[in-house]
Structure formats: structure tokens, C-alpha cells
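Note that the working numbering has the sequence shown beginning at 4, numbered continuously upward. The structure under discussion appears below in the form of C-alpha cells.
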Amino acid sequence: MDIMFLGPAGSGKTSLVHSFSQWIICNQDRSVSCINLDPGAEYLPYKADFDIRKFFTIESIMKEEKLGPNGAFLRAMEKMVEMKDKIKPEIERIKADFRLIDLPGQLEPFLFYSGEEIISYFDKKRMLGLFLIPAEMFNPKGIAIAELLSLIVRLKLEIPTINVLTKVDLARNAEEIESFLKYPEKLRRVLEKIEGGMEKDLAIIASRLVEKIAREQRIVKTSAKTGEGMKDLYDICYEIFCTCGDLR
Ligand SMILES: Nc1nc2c(ncn2[C@@H]2O[C@H](COP(=O)(O)OP(=O)(O)OP(=O)(O)O)[C@@H](O)[C@H]2O)c(=O)[nH]1
Ligand SMILES: [Mg+2]
């Protein structure tokens, strides 16, 4: 199966690709490949079996096309699509039970400029998205926003997604947040009590939407630092795709 690591900038995608791949290698009789699709990555802790930086980096585009970092990022997303004939066959050559795909943190341009096209480089039927919600967003309003972002990803890419709390070693209230995500009506009740005008109303509307669409979802709490949650993450991925013996 192919697992896309999506989430806001700095949410821990690269670190989780590394720690999850290590965990699978050490604990399961399954092969793993890592695919880096972030042209802006400086350092990767894992060995990438495919690395988009072989074709271009944000830095190379900035120099060659005299662009600033944001313009270069948009150009990079375009290039990923333009170079489909080169990139797709290389990705297809990578055979593994688990292919972990590291994506850029600039979620919005990725989703709206190239996401759907890039999904077509993979077999959508074996694709799962993990939407990472980092400890930094661990407060009721942040959680409502993260849930909305996760829904946008699902809507745009049309792949199943699960929400994954990351950096839980940094959070003092991970259990509470987990219960907000599991039972969205709890989140709404908390948001209803906070002070505020329009912002509060918006947060409540957001949480109602989440409540309607994503009720009682399963959540995984992870830390790339302590290794917490890797088995839970594996189990949930495995369950989604493999209960019918369909680990492709
Ligand atoms: N304490 C702690 N820090 C973490 C964890 N995971 C990542 N970090 C730190 O968070 C920062 C961002 O981690 P990355 O893995 O680079 O996050 P990313 O989502 O790949 O970032 P971008 O690709 O730039 O969007 C780094 O300083 C990591 O060391 C974790 O589980 N616990
Ligand atoms: Mg990264």
C-alpha cells in the first residue's frame, strides 16, 4: 500500500516517514520504500528510493528561474506535473509492501496546483493519506482547524485519510485532544463555552461540520522522538487495506 504523509509545515511528516519505516523494518516481515516528493527538503533522515530533488530543488529553481521561494515552490509543483513522463515510471519501478510518501508542508499549493495529478502517479486504490496534526495545534480551535484541513485534503484528493496526532511527547493534553477528535460533539461543547464573537461562531460551525462528516473516527497518537504509536499506526493502516488479505 501507498501512504501519503500530509499535513501543515513542520507537522512531522519527514520524521514520521523515517520512524515508521524503521519500525516496520524492525517489527514486520514487510518491505518498505520511502519516496520524497518535497523539492524543498534540506535533510532527509531516511534513505529515499525515489527523491524528486534528483530532478530539481527549490533552490535550483530559484537560481535558474530567478524566483523567490514561494514562486519557486509553485513552479516546482508545475514541474512535477510537466515531468510526469520521467517521474511516474521511476515511481512505478519501486516495488514494496509499504511505500511511504513524504510531501511538502506547503499544503495549499500542493493540493491546488499538483496534488490530483501527482496522485495519478500512484494506484489510487492502494493509497491512504495520513493527515498529521502536530502538538502545536493541540487546542480546541486548532483541532477544529486541523480537522477542516483534513476534510479539504480528502475532498480534493479523493483518497481515504486518517488523522494522526504527532509530537505527542510535547503535549500535556494528548488524551483530551484524542477524545475531541474521536467524539466531535465534545469539541463543539468546549468551543461553545469559549469567549469570542465571530471567531467563536466560526469555530463552532467548523466543529459541527466535522461532527457531521467525521464522527467517531479512530485516531493515532505518535511521536517520532519516542517511537510511541508506531504499532497503532501500522495496525490501523493494515486494517484499512489488508483485512481482506489485500496488501498490495
Ligand atoms: N519533540 C518532537 N519533535 C518532533 C517530532 N517529529 C518531528 N519533530 C520536530 O519537528 C520539526 C519538524 O519536523 P519534520 O519531520 O521536518 O516536519 P515536516 O512536516 O517534514 O516539515 P516540512 O517538510 O518542512 O513541512 C523538526 O525540528 C523535528 O525534529 C516528534 O515526534 N517529537
Ligand atoms: Mg518534511
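C-beta: ideal position from N, C-alpha, C; glycine also.
For Pro42, count neighbouring Cβ atoms within 10 angstroms of its own Cβ and tell me buried if that reaches 16, exposed if not. buried
Return yes when the Cβ of Lys224 is within less than 8 Å of the Cβ of Glu181, no when it is not. yes
Taking Ile100 as the reference, give the member of Phe125, Val171, Asp32 and Arg78 with the closest Cα. As written in the sequence, residue 100 is Asp, which differs from the Ile given in the question. Among Phe125, Val171, Asp32 and Arg78, the Cα nearest to that of Asp100 is on Asp32.
Taking a contact to mean a Cβ-Cβ separation below 8 Å, would you say Arg157 touches Met4 in this structure? no
Do the CB positions of Leu194 and Lys203 come within less than 8 Å of each other? yes
Excluding sequence positions up to five away, which residues of its chain have a Cβ less than 8 Å from the Cβ of Ile146? Ile136, Met140, Ile180, Phe183, Leu184 and Leu190
Is it the case that the CB of Lys50 approaches a heavy atom of ligand 4 more closely than 7 Å? Inclusion of ligand 4 in the displayed structure is not the case, the ligand content consisting of ligand 1 and ligand 2 alone.
In chain order, what residues of the same chain have a beta carbon less than 7 Å from the beta carbon of Ser153, not counting five sequence neighbours either side? Phe134, Thr164 and Asn166
By C-beta, the residues closer than 5 Å to any heavy atom of ligand 2, given in chain order: Lys16 and Thr17
Same chain, Cβ closer than 6 Å to Leu168, five either side skipped, listed in chain order: Ile136 and Lys224
Where does the unbroken beta strand (DSSP E) through Phe8 begin, and where does it stop? Asp5 to Leu9
Nearest candidate by alpha-carbon position, reference Val213, set Ile155, Met65 and Tyr46: Ile155
Do Leu47 and ligand 1 come close, with the Cβ less than 7 Å from some heavy atom? no
I need the straight-line Cα distance from Phe125 to Lys196, nearest angstrom please. 44 Å
What's the C-alpha gap between Gly149 and Ala44? First, the residue type needs correcting, since residue 149 is Ala and not Gly in the sequence shown. For Ala149 and Ala44, the distance between alpha carbons rounds to 23 Å.
Would the C-beta of Thr169 count as close to ligand 1, meaning under 7 Å from any of its heavy atoms? yes
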